[in-house]
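In this note's numbering, the protein residues as written are 2 to 120.
Scroll down for the structure; my scribbles are underneath it.
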């Protein structure tokens, strides 16, 4: 699913109009409409985090995971992850080393479960 479709689906699931969501996150509703209709680029990470906070509370989902999902669907890298990578060449090497072996979301989930069980 692309970012605009996911945003629209979440907004509808939360039973919010574009105008209501826009007011809650501090943007103009016409801007939100343009985002949902792919007429402008996805918003900044700060706006995406405000969106995730609003939806997490209404939908009972993990705010950090939802923020990460929206940020990556928007074609961005969460700033805390980018900062970690910029300070740790080993993290970059690790991602490069597994990049060709881990391609699908299911493979990433399997890797995460394996790593979590080792902790």
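Ideal placement from N, C-alpha and C gives every residue a C-beta, glycine not left out.
- Residue burial annotation: residue 36 is buried, with at least 16 other C-beta atoms found within 10 angstroms of its C-beta.
- Look at residue 93 here: in three-state DSSP terms it is helix.
- Taking a contact to require three or more Cβ pairs closer than 8 Å, the region 26-34 and the region 100-109 do not qualify as touching.
- Considering only 117, 76 and 80, the residue with the shortest C-alpha distance to residue 3 is 76.
- It is roughly 44 Å from the alpha-carbon of residue 20 to the alpha-carbon of residue 94.
- Counting the other Cβ atoms within 10 Å of the Cβ of residue 92 gives fewer than 16, which makes it exposed.
- The Cβ atoms of residue 55 and residue 22 sit closer than 9 Å to each other.
- Residue 59 is positioned such that its CB atom lies closer than 9 Å to that of residue 16.
- Residue environment: residue 88 is assigned as exposed (fewer than 16 neighbouring CB atoms within 10 Å of its CB, all protein chains considered).
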